[in-house]
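Every number in the numbering used here is 876 more than the matching position in the sequence shown, counting from 1.
For glycine and all other residues, C-beta sits at the position ideal for the given N, C-alpha and C.
As the structure is a computational prediction, the values presented were derived from the model and not from experiment.
The structure appears below as structure tokens.
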Amino acid sequence: MFCLGVVLAGGQSSRMGQNKAFLSLNNQTMLEKTRQLLEHLQVDKTVISGANSGGESDIVSQGGPLAGIYSLAQKYQPKAILAVPVDMPFLTAEHLRELKIKGELSGRATYFNDSPLPLYLPINAFVEDYLQQQFTSQKFLDTGKGPSFKQVLKLTNATSLKTKQQFLTNTNTPQEWQQVKQILT
């Protein structure tokens, strides 16, 4: 199975005031850390979603992380995507391995608790058609509001795995980043 590892690093980081992908922790940027997590899982290929972080540009501009996933699915034609946001400093390879294995075994979209990311997402005609319809809809063109992860998870009958919530903590503000640094150093 061709599984594409995707580092989601295309956000504006407006609340942080600087690109979260390049925040450094223990002499390693969050972009490097997240990429290494995916590479340790031996995904077939790892790519970065987000031109502002040196990665791939989205086909659909300002469409959020699902636009990044959609764009990379179109370009690489994987059987599945393991998408990981760049701003989850407590996430481990073990968590992602569990997510990937459970997703592969069930053949269903798989995520943790009530957090849609990280996400193992099988890419099939149904998912591709749905995302294409959403990103070309008049609603999206008029409002810029694309599909939500909640909609995609519901439509794909996704599996939710339980884990400690701390591992799903993301950092969006300088204060949150300072707290993370204090905990991890």
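Presumed contact (8 Å Cβ cut-off) between residue i and residue j, rounded CB distance
{"i": "His971", "j": "Thr905", "result": "Not a contact, Cβ separation roughly 20 Å."}
{"i": "Phe1011", "j": "Ala943", "result": "6 Å"}
{"i": "Leu1029", "j": "Tyr987", "result": "7 Å"}
{"i": "Pro965", "j": "Thr1047", "result": "6 Å"}
{"i": "Leu1017", "j": "Lys976", "result": "At roughly 35 Å, the Cβ-Cβ gap does not stay under 8 Å, so Leu1017 and Lys976 are not in contact."}
Residue i versus residue j - alpha carbon distance
{"i": "Thr922", "j": "Ala897", "result": "15 Å"}
{"i": "Glu1004", "j": "Arg973", "result": "24 Å"}
{"i": "Ser991", "j": "Leu1044", "result": "7 Å"}
{"i": "Gly983", "j": "Leu880", "result": "15 Å"}
{"i": "Thr1019", "j": "Val936", "result": "13 Å"}
{"i": "Val882", "j": "Ile924", "result": "6 Å"}
{"i": "Gly893", "j": "Thr1049", "result": "8 Å"}
{"i": "Trp1053", "j": "Arg891", "result": "11 Å"}
{"i": "Phe1025", "j": "Val1056", "result": "26 Å"}
{"i": "Ile1059", "j": "Gln1014", "result": "46 Å"}
{"i": "Thr1035", "j": "Gln1051", "result": "33 Å"}
{"i": "Gln1027", "j": "Gly931", "result": "26 Å"}
{"i": "Asn903", "j": "Asp963", "result": "16 Å"}
Proximity below 9 Å, CB of residue i to CB of residue j
{"i": "Asn989", "j": "Leu958", "result": "no"}
{"i": "Pro961", "j": "Pro998", "result": "no"}
{"i": "Gly1022", "j": "Gly939", "result": "yes"}
{"i": "Ala847", "j": "Leu907", "result": "Nothing can be reported for residue 847, as the shown portion of the chain is limited to 877 through 1061."}
{"i": "Leu901", "j": "Thr1061", "result": "yes"}
{"i": "Tyr946", "j": "Gln1008", "result": "yes"}
{"i": "Thr910", "j": "Ala985", "result": "no"}
{"i": "Leu967", "j": "Leu913", "result": "yes"}
{"i": "Asn895", "j": "Ser933", "result": "no"}
Proximity test, Cβ basis, 9 Å: residue i and chain D
{"i": "Ser1024", "result": "Here chain D cannot be found, since the structure has a single protein chain."}
Contact set for residue i: own chain, Cβ-Cβ below 7 Å, skip 5 residues either direction
{"i": "Phe878", "result": "Asp920, Pro954, Lys955"}
{"i": "Leu899", "result": "Thr905, Met906, Trp1053"}
{"i": "Gln1041", "result": "Asn989"}
Same chain, Cβ closer than 6 Å to residue i, neighbours up to 5 away in sequence not counted
{"i": "Glu915", "result": "Thr922"}
{"i": "Gly979", "result": "Thr986, Tyr996"}
{"i": "Ser889", "result": "Asn895, Lys896"}
One or two residues paired with residue i in a DSSP bridge
{"i": "Leu958", "result": "Gly881, Tyr996"}
{"i": "Ile977", "result": "DSSP lists no partner for Ile977."}
{"i": "Gln904", "result": "Leu901"}
{"i": "Phe1025", "result": "Bridge partners of Phe1025: none, in fact."}
Own chain residues within Cβ distance below 8 Å of residue i, not counting five before or after
{"i": "Gln950", "result": "Ile935, Glu1004"}
{"i": "Tyr1006", "result": "Pro1023, Val1028, Leu1031"}
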